[in-house]
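Asker:
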Amino acid sequence: MTGDLFESSPQREPAPRPAEILLRVFGYRAFRGHQEAVIQHVVAGGDALVLMPTGGGKSLCYQIPALVRPGVGVVISPLIALMQNQVDALVQLGIRAAFLNSTLSAEEARRVQAAMVEGRLDLVYVAPERLTLPRFTALLERTPLALFAIDEAHCVSQWGHDFRPEYLGLSFLAERFPIVPRIALTATADQATRAEIVDRLCLRNAQTFVGGFDRPNIRYRAVVKDGERAQLLRFLRTEHPRDAGVVYCLTRKRVEQTASWLGRNGFRALPYHAGMPPEERRTHLDRFLREEGIVMVATVAFGMGIDKPDIRFVAHLDAPKGMEAYYQETGRAGRDGLPANAWMAYGLADWLRLRALVDASEAPVEHRRMERRKLDALLGYCETPACRRAVLLGYFGEPHPGSCGNCDNCLRPPTTWDATAAARSALACVSQTGARFGATHLTDVLRGNRNDRVQGLGHERLAAFGAGSDLDARQWHSVFRQLIAAGLLEADASGFGGLRLSSSSGEVLTGSRGVRLRHDFAGPAAADRESGSRRTPRPVTSPLRSDEGEPALWEALRAKRAELARLQGVPAYVIFHDSTLREMLRRRPLTLQDVAAIPGVGSSKLERYGRAFMDVIRGAGAPSPG
Ligand code: ADP
Ligand code: ZN
564 MTGDLFESSP
574 QREPAPRPAE
584 ILLRVFGYRA
594 FRGHQEAVIQ
604 HVVAGGDALV
614 LMPTGGGKSL
624 CYQIPALVRP
634 GVGVVISPLI
644 ALMQNQVDAL
654 VQLGIRAAFL
664 NSTLSAEEAR
674 RVQAAMVEGR
684 LDLVYVAPER
694 LTLPRFTALL
704 ERTPLALFAI
714 DEAHCVSQWG
724 HDFRPEYLGL
734 SFLAERFPIV
744 PRIALTATAD
754 QATRAEIVDR
764 LCLRNAQTFV
774 GGFDRPNIRY
784 RAVVKDGERA
794 QLLRFLRTEH
804 PRDAGVVYCL
814 TRKRVEQTAS
824 WLGRNGFRAL
834 PYHAGMPPEE
844 RRTHLDRFLR
854 EEGIVMVATV
864 AFGMGIDKPD
874 IRFVAHLDAP
884 KGMEAYYQET
894 GRAGRDGLPA
904 NAWMAYGLAD
914 WLRLRALVDA
924 SEAPVEHRRM
934 ERRKLDALLG
944 YCETPACRRA
954 VLLGYFGEPH
964 PGSCGNCDNC
974 LRPPTTWDAT
984 AAARSALACV
994 SQTGARFGAT
1004 HLTDVLRGNR
1014 NDRVQGLGHE
1024 RLAAFGAGSD
1034 LDARQWHSVF
1044 RQLIAAGLLE
1054 ADASGFGGLR
1064 LSSSSGEVLT
1074 GSRGVRLRHD
1084 FAGPAAADRE
1094 SGSRRTPRPV
1104 TSPLRSDEGE
1114 PALWEALRAK
1124 RAELARLQGV
1134 PAYVIFHDST
1144 LREMLRRRPL
1154 TLQDVAAIPG
1164 VGSSKLERYG
1174 RAFMDVIRGA
1184 GAPSPG
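For what it's worth, the numbering used here labels the leading residue of the sequence shown as 564, then goes sequentially.
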């Protein structure tokens, strides 16, 4: 009588379906991209490697399987500073989550560990260095395990920019816990890193899921440096006067200076770099996450894993170190899917400086060659007259038809000019001066400047001297930059910015190849590209400056959110994202059922906050007293 036996055995609730959890817990109606396929695969016990852009929705790929499968999901994350926030956000959703890291007291850690062993947690976040400790391994062996999620998996890549030695130890999970599914996640796309992750984390039998890397809500722009501080200020004032964003600078000193300068200009700007005392860094990160409208001025030390959804812009005051770095850094903008800006100021000096760093490094030849290629690709991206999105995605091997309509080159196609004669003069000047001088000296020679250096070297006697007085210094710099980007000139390895001819230069010098270059500065078109003045397309609208005709209700909703966040000591976005508030503003729900239908409102948040927000909306609908 198997039927009877079945009846009398303790009733185990059937596992909930992923789609049900998506709606009930997270308040979302449909999966995105590969989410559903990944979740099914991991729920069934398979290993997975998930590559999706920032904001693509990677977290659900392990959070939902952890809720479906019995036992605790262990999330390995390198970012101790962010664990509290991640856990806060999950607790708001009614998920039983905790973290284990060095910030907990012994008593708190003991409580979390006890909950793990008893299977009373859905998810626990752990730093990688802890995972490989023998005591922790013993704890894991006593814990019912749903899965391991290895977040920011590219940290295992030794050549990558985020390498964490502790990640190398994670291969032991495959040996010690062969039947527990492992899911590795990253937003880094390139093939070499992918292969390294598979290899070092022993994921050879894992299924790989690669999402499209396009971030359509991000508007890409690059401007040639021409007093970049003033350029940045103009950009922030016109487009982001009150928004949260990140400004990346190359050095710590520049971070400090830029932050205080923005402060003097009325922005709430905070510095962040690895040279600051940890305590201060923490405070700044905390304020950035919790308060609204903070501009973080930072080196690359800032940003990995930051899941603040409402970063409205990422600005590079100095060029990034390569296309991956650029993609990662800009990817932090607009995770909520609302419009966001990626703005960069670049110049030849930046690029030459980065080149010199690579040339001077002790890294193996092959590594340096790769780094050089990365920098070349970046300069090519900066100088392209084509759709930036197409160039960016093309770098990651993802075809894009171009004409995205949301980058500077698409919104305002650059004009070009016949630069054959100028290019020939520039190349001849390089050759006549012995192929070892930088753009500044070459420009002096071309423009016929009889300064001390030119005369000391006898360069006023060269044929190239004064041959280019029709272009000004900025225009010559633009020519040199574009010739490098086109592979018609190369940087020498001296580290002093010297330029030399390339194997293709001869075609131009002999007149067999013509050269067209982009206008950077000449004429009003270029000026507009620079400043975002009246003829550029409408700036990205900021969701914080509601233009939907109901600023009072918008502010009231935000005030309610801020109040609820303050009471619990969590960031505002942990209560509701901007996108959810926007939907409330649009739909004005007046019943709990209507509130529940808004994306981002799951059952836990409906219960906690549904009435409070409904009351705000009702209040706005009532005639104002007096
Ligand atoms: P990633 O870790 O890939 O950068 P997240 O997991 O943080 O991205 O998700 C980015 C944003 O998208 C979050 O605000 C998340 O709530 C939202 N999101 C994820 N999946 C969905 C979905 N299926 N429907 C609606 N929103 C989603
Ligand atoms: Zn475009």
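C-beta: ideal position from N, C-alpha, C; glycine also. Here the structure is a predicted model, which means the values were calculated and not measured.
1. Sort out for me which residues DSSP pairs A750 with in a bridge.
2. Are there any heavy atoms of the ligand ZN lying less than 7 Å away from the beta-carbon of R778, as far as the coordinates show?
3. Could you check the C-alpha separation between G618 and W1117 for me, to the nearest Å?
4. Could you check whether the Cβ of C970 sits closer than 7 Å to any heavy atom belonging to the ligand ZN?
5. Secondary structure at A793, three-state DSSP: helix, strand or coil?
6. Buried or exposed for K621, going by 16 or more other Cβ atoms inside 10 Å?
7. Take C970 and list the residues in its own chain whose beta-carbon comes closer than 8 Å to its own, dropping the five residues that flank it on each side.
8. Looking at the strands, I want to know which residues DSSP matches up with V660.
9. If you count every other CB in all the chains shown that lies within 10 Å of the CB of K1123, and 16 or more means buried, which is it?
10. Can you tell me whether DSSP reads D870 as helix, strand or coil?
11. Going by other Cβ atoms of all chains shown within 10 Å of its Cβ, with 16 needed for buried, is Q676 buried or exposed?
12. Which partner residues does W722 have in the DSSP bridge list?
13. Would L1080 and S1067 qualify as a contact pair, given that the criterion is a beta-carbon distance under 8 Å?
14. Do C967 and the ligand ZN come close, with the Cβ less than 7 Å from some heavy atom?
15. Closer than 7 Å to a non-hydrogen atom of the ligand GTP - does that hold for the CB of A593?
16. May I ask you to list the residues that DSSP assigns as paired with G636?
17. Using the Cα positions of F851 and F589, report the straight-line distance between them to the nearest angstrom.
18. Let me confirm a value: D1178 is counted as buried when at least 16 other C-beta atoms fall within 10 Å, else exposed. Which label applies?
19. Do you know offhand how far V993's Cα is from D789's?
20. What separation, rounded to the nearest whole angstrom, lies between the Cα atoms of S668 and Y1172?
21. Considering only heavy atoms of the ligand ADP, does any lie closer than 7 Å to the CB of P962?
22. Determine the closest residue to H604 out of V637, L1144, F772 and R727, with distance taken between C-alpha atoms.
23. May I ask which residues mark the beginning and end of the alpha helix (DSSP H) holding Y889?
24. State the DSSP-derived secondary structure class of N969, mapped to helix, strand or coil.
25. Taking the straight line between their C-alpha atoms, what separation do you get for G1132 and L656?
26. Pair every Cβ in the region 631-643 with every Cβ in the region 909-925, then say whether three or more of these pairs are closer than 8 Å.
27. If the criterion is Cβ atoms closer than 8 Å, does the pair G1061 and R999 meet it?
28. So, helix, strand or coil for E1023, using DSSP?
29. Hey, A985 and L1034: beta-carbon distance below 8 Å or not?
30. Just to confirm, does M679 get its C-beta within under 7 Å of one of the non-hydrogen atoms of the ligand ADP?
31. Just to confirm the assignment, what range does the alpha helix (DSSP H) spanning E670 have?
32. Can you tell me whether DSSP reads F735 as helix, strand or coil?
Answerer: The relevant details are as follows:
1. In the sequence shown, the residue the question calls residue 750 occupies position 187. Looking at the DSSP assignment, A750 forms no beta bridge with any residue, so it has no partner.
2. The count along the sequence shown starts at 1 and reaches residue 778 at position 215. The nearest non-hydrogen atom of the ligand ZN is 7 Å or more from the C-beta of R778.
3. As a position in the sequence shown, residue 618 is number 55, starting the count at 1. As a position in the sequence shown, residue 1117 is number 554, starting the count at 1. Cα to Cα, the separation comes out at about 24 Å.
4. Counting from one through the sequence shown, the residue named residue 970 turns up at place 407. Checking every heavy atom of the ligand ZN against the Cβ of C970, one is found closer than 7 Å.
5. As a working note, residue 793 is residue 230 in the sequence shown. Reduced to three states, the DSSP call for A793 is helix.
6. Numbered from its first residue, the sequence shown carries residue 621 at position 58. So K621 ends up on the buried side.
7. Sequence index remark: in the sequence shown, residue 970 carries index 407 (1-based). Correct list, in chain order: R782, Y783, R784, C950, R951 and R952.
8. The residue given as residue 660 occupies position 97 in the sequence shown. Here residue 660 turns out to be Ala, not Val, going by the sequence shown. Assignment of beta-bridge partners to A660 by DSSP yields L686.
9. Against the sequence shown, residue 1123 aligns to sequence position 560. Here K1123 is buried. Its C-beta has 16 or more other C-beta atoms within 10 Å.
10. Position 307 of the sequence shown, counting from 1, holds the residue named residue 870. D870 falls in the coil class under three-state DSSP.
11. Reading the sequence shown from its first residue, position 113 is the one you call residue 676. Q676 should be labelled buried.
12. Position 159 of the sequence shown, counted from the start, is the residue given in the question as residue 722. DSSP, once it has assigned bridges, lists no residue as partnering W722.
13. Residue mapping note: residue 1080 aligns to position 517 of the sequence shown, counting from 1. Residue mapping note: residue 1067 aligns to position 504 of the sequence shown, counting from 1. Contact flag unset, no.
14. To locate residue 967, count along the sequence shown from 1; it is residue 404. Relative to the non-hydrogen atoms of the ligand ZN, the Cβ of C967 comes within a distance shorter than 7 Å of at least one.
15. This structure simply doesn't include the ligand GTP; it includes the ligand ADP and the ligand ZN instead.
16. Start at 1 with the first residue of the sequence shown, and residue 636 comes out as number 73. Answer is L686 and L710, bridged to G636.
17. Taking the sequence shown and counting its residues from 1, one reaches residue 851 at position 288. Taking the sequence shown and counting its residues from 1, one reaches residue 589 at position 26. Looking at the two C-alpha atoms, the distance is approximately 24 Å.
18. Locating residue 1178 in the sequence shown gives position 615, where the first residue counts as 1. D1178 is classed as exposed because its beta carbon has fewer than 16 other beta carbons within 10 Å across all chains shown.
19. Here the question's residue 993 lines up with position 430 in the sequence shown. Here the question's residue 789 lines up with position 226 in the sequence shown. Straight-line Cα distance between these residues: approximately 24 Å.
20. Taking the sequence shown and counting its residues from 1, the one referred to as residue 668 is at position 105. Taking the sequence shown and counting its residues from 1, the one referred to as residue 1172 is at position 609. Here the alpha carbon of S668 sits roughly 31 Å from the alpha carbon of Y1172.
21. Working through the sequence shown from its first residue, we reach residue 962 at position 399. No - the ligand ADP has no heavy atom lying nearer than 7 Å to the Cβ of P962.
22. Residue numbering aside, residue 604 sits at position 41 when the sequence shown is read from its first letter. Nearest of V637, L1144, F772 and R727 to H604, Cα basis: F772.
23. Locating residue 889 in the sequence shown gives position 326, counting from the first residue. Run containing Y889: M886 to T893, per the alpha helix (DSSP H) assignment.
24. As a working note, residue 969 is residue 406 in the sequence shown. N969: coil per DSSP, three-state reduction.
25. On the sequence shown, position 569 is the one that residue 1132 refers to. On the sequence shown, position 93 is the one that residue 656 refers to. Spanning the alpha carbons of G1132 and L656 requires a straight line of approximately 16 Å.
26. By the C-beta criterion, the region 631-643 is judged not to be in contact with the region 909-925, since fewer than 3 inter-stretch pairs fall below 8 Å.
27. Here residue 1061 corresponds to residue number 498 of the sequence shown, with the count starting at 1. Here residue 999 corresponds to residue number 436 of the sequence shown, with the count starting at 1. Going by C-beta atoms, G1061 is nearer than 8 Å to R999.
28. Reading the sequence shown from its first residue, position 460 is the one you call residue 1023. The answer is helix: DSSP assigns E1023 an H, G or I state.
29. Numbered from 1 along the sequence shown, position 422 holds the residue referred to as residue 985. Numbered from 1 along the sequence shown, position 471 holds the residue referred to as residue 1034. In contact: A985 and L1034 (Cβ atoms closer than 8 Å).
30. Taking the sequence shown and counting its residues from 1, one reaches residue 679 at position 116. No, the Cβ of M679 stays beyond 7 Å of every heavy atom of the ligand ADP.
31. Along the sequence shown, one-based indexing puts residue 670 at 107. It spans A669 to V680 - the alpha helix (DSSP H) in which E670 sits, taken as one unbroken run.
32. Within the sequence shown, residue 735 is the residue found at index 172, counting from 1. When DSSP states are grouped into helix, strand and coil, F735 belongs to the helix group.
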